[in-house]
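Asks: One structure, as structure tokens, below. Some questions next.
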Amino acid sequence: MTSDVLAGKVWRFDHDISTDLLSPGAYAVDSVEVRKQHVLESVNPSFVSDVQPGDVLVVGRNFGCGSSRETAAENLVALGVACIVAESLARIFMRNAVALGLPVVVCPGVHESFDDGERIEIDLASGRIVNVDTGAELQGDSLPPEMREILASGGILAVLRAQAGR
Amino acid sequence: MGMTHAEKLLASAAHKPSVTAGEFVVADIDLALLHDIFAAQVFDLLQEVGVPNVFDPEKTVVVVDHLVPAPSAAAAAVHQKIRSHVARLGINAFYDAGEGICHQLLPEQGHVRPGMLIVGTDSHTTTHGALGAGGTGIGTSDMVYALATGRLWFRVPETIRFEMTGDLLPGVSWKDVILHLAGRFGSDAAQYRAMEFGGSAVKNANMSSRLTVANMAVEMGAKFGLFAADEVTDAYLRDHGGVGSEPYGPDPDAEYEAVHEISLSDLPPQVALPNEVDRVSSIEDVAGLTINQAFIGSCTNGRIEDLQAAAAVLAGKHIAPGVRLLVVPASRQILQEALETGVIATLVDAGASVLTPGCGPCFGGHGGLLGPGERCIGTHNRNFIGRMGSADAEIYLGSPATVAASALRGRLADPRDLEVNNDE
Ligand code: SF4
């Protein structure tokens, strides 16, 4: 994590986006290069081809529900997604995103405040969210220090490497 | 102030006299569970990070259950890799292909004790809450950290308690109860939280039923799905591993985020409709829809009691033309018992295909997938789009009796109607 403030273009998705949609079971043992080609293909077929590094997902309730497969978060990292701002996140998905160094912010009301393609600004330290196009401002949860430390290190394996190297 | 079940077990894992909901703790792991989808990757990463051993090979359980028998050369290669890592790391609790599903083997083979903190690379690790253990799913990177250090950070969850009373109607099972709870409260009702299941109805629930309920607690978002350890737990533990247990559960003055009182006495059979586990109806409302496939198995409902319930419906009859009935016992031990007691013969006579103990088609990897436009009812726990093959297939979830009744009729059917017909 280079900066506490992120800015990017929004992709909006609805409620209950499951890990089966983020990482379909049929490609479970394939490489990330294969897996990332199928992210969300059944809800938005153009997402994979059009998403740009630095883009942000604004999503509804219970994003990442379903299995514990970390590939759900890993595929998004591989596509260059910079942050996920959600009405709520499934617990294991949230753990996995943090473990991989992918910032997540829970922000009630965010789903209704953005359209596809609008620009978002996110302050991870304070949880403040801004819709640059409409000027709307929202207050999300700030991440607890335990999680921010892992994000700042670049993920939990980086933490482990640092500990092992000590 | 008293502690909830979750607070109690996390306090003990974190070596603290007490903890309260909302607090972050670093806790010792009592058991780490890995299965074949993630084990090779976790062990590879562990090596890559430069950690030569797991924190405790006796506290590490590895199960090959998802891709069995290996449906592809790639899957077989992953299994080879797992076997060599397991040998290298000195892990004795290794269950190879055909032994069963991880969440069945853990309790059945005596790995679970009340009050334990169990992490698994699988969301349904909540299953072990049936025995009073705090089981929860984590991802591969967190698992690498846990295996390397024997510890992991946790947020102590708030707890929602469900007090359940009343006797289930004939033809209704605890699968119907957990589907009802998911439908009534929603798939994120227990997000980041623990669920406690108690009340007079729970005292009468056998371990198989408790495992079904705790398994699906995660479908409501829960971190843990907990039953207090009681006489039922004690008896189960004596039968599986040899050592019984003392009662273990929440303090009477524990503080809950919410307590819901649920009466079970007039609950009809429940069915989850495509494509969300919390889109739940009574079977009456959907009965009559034609089906192509019926699936009895998974860590939710692949136990002997489930096969018996299906056999009771199917005995002496045959499934409808055009329907495929897949039966996947959750473990080899269950398959053996079902063979010895004639349950398998009954099911096969009725037209069932019996598959290798394991996950079967539950997660859409192999072993009986669905084509576009097909409709399936299964006893498993998830009906998300594409979960069992084609994204254009429909998955309904129900109890073993409901699935068996539907296979018999070739359409979604109420198992109670068949019971009436049987009496006629
Ligand atoms: S049976 Fe299904 S839900 Fe259970 S562990 Fe296997 S794939 Fe997962």
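In order, the protein sequence lines correspond to chains A and B. For the first sequence, my numbering gives the first residue as 179, with consecutive numbering after it. For the second sequence, my numbering gives the first residue as 64, with consecutive numbering after it. Beta carbons: idealized from backbone N, C-alpha and C, even for Gly.
1) Determine, using beta carbons only, whether Val125/B comes closer than 8 Å to chain A.
2) Taking only three categories from DSSP, how would you classify Asn274/A?
3) Opposite Cys243/A in the DSSP bridges: which residues?
4) Name the residues in the stretch 228-246 of chain A whose C-beta lies less than 8 Å from a C-beta of chain B; which are they?
5) Mapping the DSSP letters down to three states, classify Lys214/A as helix, strand or coil.
6) Is Ala95/B near Val175/B, with beta carbons less than 8 Å apart?
7) Any chance the CB of Asn338/B is under 7 Å from a heavy atom of the ligand SF4?
8) Please identify the residue among Leu370/B, Glu320/B, Ala139/B whose C-alpha is closest to the C-alpha of Thr409/B.
9) Smallest Cα separation from Ser453/B: which of Leu300/B, Ala150/B, Cys439/B?
10) Is it the case that the Cβ atoms of Asp239/B and Ala350/B are separated by a distance below 8 Å?
11) Is Gly428/B close to chain A, meaning its C-beta is less than 8 Å from at least one C-beta of that chain?
12) Which residues of chain B have a Cβ atom closer than 8 Å to the Cβ of Asn253/A, listed in chain order?
13) What is the rounded straight-line gap between the Cα of Pro170/B and the Cα of Glu324/A?
14) What separation, rounded to the nearest whole angstrom, lies between the Cα atoms of Leu180/B and Thr189/B?
15) Given that Phe447/B touches chain A, what residues does it touch there, using C-beta distances under 8 Å?
16) At a CB-CB cut-off below 7 Å, which residues of chain A make contact with Gly113/B?
17) Along the stretch 265-286 of chain B, what residues have a CB closer than 7 Å to any CB found in chain A?
18) Compute the Euclidean distance between the alpha carbons of Gly318/A and Glu259/B, then round it to the nearest angstrom.
19) By the three-class DSSP mapping on this structure, what secondary structure does Ala290/A have?
20) I'd like to check one pair, Ser394/B with Ser236/B: are the Cβ atoms closer than 8 Å?
21) Are the CB atoms of Leu184/A and Ala260/A nearer to each other than 8 Å?
22) Tell me the DSSP secondary structure of Asp356/B in three-state form.
23) Short of 6 Å in beta carbon distance, which residues of its chain neighbour Ala102/B, apart from the five on each side in sequence? Order them along the chain.
24) Would you call the CB atoms of Ala488/B and Leu377/B closer than 8 Å?
25) The beta strand (DSSP E) with Gln142/A in it runs from where to where?
26) Tell me where the beta strand (DSSP E) around Cys261/A begins and ends.
27) For the candidate residues Tyr255/B, Glu318/B, Leu289/B, Ala245/B, whose alpha-carbon lies nearest to that of Pro220/B?
28) Please state whether DSSP places Val229/A in a helix, a strand or coil.
29) Can you list the residues of chain A that Gly414/B reaches, using a CB-CB cut of under 7 Å?
30) On a CA-only basis, which of Val276/B, Val88/B, Ala280/B, Ala84/B is nearest Gly200/B? Give me that one, please.
31) Can a CB atom of chain B be found closer than 8 Å to the CB of Gly203/A?
32) Classify Val221/A as buried or exposed, calling it buried when 16 or more other Cβ atoms lie within 10 Å of its own Cβ.
33) What is the DSSP secondary structure of Ser81/B, reduced to helix, strand or coil?
34) Could you compute how far the alpha carbon of Gly405/B sits from the alpha carbon of Gln399/B?
35) Quick check on the burial criterion: 16 or more other C-beta atoms within 10 angstroms. Buried or exposed for Ala468/B?
36) Quick one: list the residues of chain B neighbouring Glu248/A, beta-carbon separation under 7 Å, in chain order.
Replies: Taking the definition as stated:
1) To locate residue 125/B, count along the second sequence from 1; it is residue 62. False, the Cβ-Cβ gap to chain A never drops below 8 Å.
2) By one-based count along the first sequence, residue 274/A stands at place 96. Three-state result, Asn274/A: helix.
3) Indexing the first sequence from 1 puts residue 243/A at position 65. Ser196/A.
4) Arg239, Asn240, Cys243, Gly244, Ser245, Ser246
5) If you number the first sequence from 1, residue 214/A lands on position 36. In the structure shown, Lys214/A sits in a helix (DSSP, three-state: H, G or I).
6) Start at 1 with the first residue of the second sequence, and residue 95/B comes out as number 32. Start at 1 with the first residue of the second sequence, and residue 175/B comes out as number 112. No, they are not a contact pair.
7) On the second sequence, position 275 is the one that residue 338/B refers to. Checking every heavy atom of the ligand SF4 against the Cβ of Asn338/B, none is found closer than 7 Å.
8) Walking along the second sequence from the start, residue 409/B turns up at place 346. Comparing Cα positions, the closest option is Leu370/B.
9) Numbered from its first residue, the second sequence carries residue 453/B at position 390. Taking only the C-alpha atoms, the option nearest Ser453/B is Cys439/B.
10) Residue 239/B sits at position 176 when you count from the first residue of the second sequence. Residue 350/B sits at position 287 when you count from the first residue of the second sequence. Contact flag unset, no.
11) Reading the second sequence from its first residue, position 365 is the one you call residue 428/B. It does; some Cβ of chain A falls within 8 Å.
12) As a first step, residue 253/A is located in the first sequence; it is residue number 75 there, counting from the start. The premise fails here: Asn253/A is roughly 13 Å from chain B at the closest Cβ pair, so nothing lies under 8 Å.
13) Walking along the second sequence from the start, residue 170/B turns up at place 107. Walking along the first sequence from the start, residue 324/A turns up at place 146. Going by the C-alpha atoms only, they are around 33 Å apart.
14) The residue you call residue 180/B lines up with position 117 of the second sequence. The residue you call residue 189/B lines up with position 126 of the second sequence. Their Cα atoms are separated by approximately 11 Å.
15) For the purposes of this step, residue 447/B is identified with residue 384 of the second sequence, where counting begins at 1. Those within 8 Å of Phe447/B in chain A are Ser196, Asp198, Leu199, Gly244.
16) Stepping through the second sequence from its first residue, residue 113/B is reached at position 50. Correct list: Ala342.
17) Gly284, Lys286
18) Position 140 of the first sequence, counted from the start, is the residue given in the question as residue 318/A. Position 196 of the second sequence, counted from the start, is the residue given in the question as residue 259/B. Spanning the two alpha carbons is a distance of roughly 29 Å.
19) Numbered from its first residue, the first sequence carries residue 290/A at position 112. Checking the displayed sequence, the identity of residue 290/A turns out to be Glu instead of Ala. Reduced to three states, the DSSP call for Glu290/A is helix.
20) As a first step, residue 236/B must be located in the second sequence, where it is residue number 173. As a first step, residue 394/B must be located in the second sequence, where it is residue number 331. Contact: no.
21) Here residue 184/A is taken as the residue at index 6 of the first sequence, counted from 1. Here residue 260/A is taken as the residue at index 82 of the first sequence, counted from 1. Yes, the pair counts as a contact, with Cβ atoms nearer than the cut-off.
22) Working through the second sequence from its first residue, we reach residue 356/B at position 293. Correcting the residue identity first, residue 356/B is Gln in this sequence and not Asp. Strand, per DSSP.
23) Your numbering for residue 102/B matches position 39 in the second sequence. Within the same chain, Ala102/B has close Cβ partners Val125, Ile145.
24) Nothing can be reported for residue 488/B: it is not among the residues displayed for chain B, which extend from 64 to 487.
25) Residue 142/A lies beyond the range of chain A shown here (179 to 344); nothing can be said about it.
26) What you label residue 261/A is simply residue 83 of the first sequence in a count that begins at 1. Looking at the DSSP string, the run of the beta strand (DSSP E) that includes Cys261/A is 261-264.
27) Taking the first residue of the second sequence as position 1, residue 220/B is located at position 157. Among Tyr255/B, Glu318/B, Leu289/B, Ala245/B, the Cα nearest to that of Pro220/B belongs to Tyr255/B.
28) Walking along the first sequence from the start, residue 229/A turns up at place 51. Coil, per DSSP.
29) Taking the second sequence and counting its residues from 1, the one referred to as residue 414/B is at position 351. By Cβ distance, chain A contributes nothing, its closest Cβ being about 27 Å from Gly414/B, past 7 Å.
30) Counting from 1 along the second sequence, the entry for residue 200/B is found at position 137. Ranking Val276/B, Val88/B, Ala280/B, Ala84/B by Cα distance to Gly200/B puts Ala280/B first.
31) Taking the first sequence and counting its residues from 1, one reaches residue 203/A at position 25. Output row for Gly203/A: interface = yes.
32) As a working mapping, residue 221/A is identified with position 43 in the first sequence. Classification for Val221/A: exposed.
33) Here residue 81/B corresponds to residue number 18 of the second sequence, with the count starting at 1. Three-state result, Ser81/B: coil.
34) Along the second sequence, one-based indexing puts residue 405/B at 342. Along the second sequence, one-based indexing puts residue 399/B at 336. Their backbone Cα atoms lie some 10 Å apart in a straight line.
35) Your numbering for residue 468/B matches position 405 in the second sequence. Flag for Ala468/B reads buried.
36) On the first sequence, position 70 is the one that residue 248/A refers to. Near Glu248/A (Cβ distances below 7 Å), the residues of chain B are Gly202, Thr203, Ser204.
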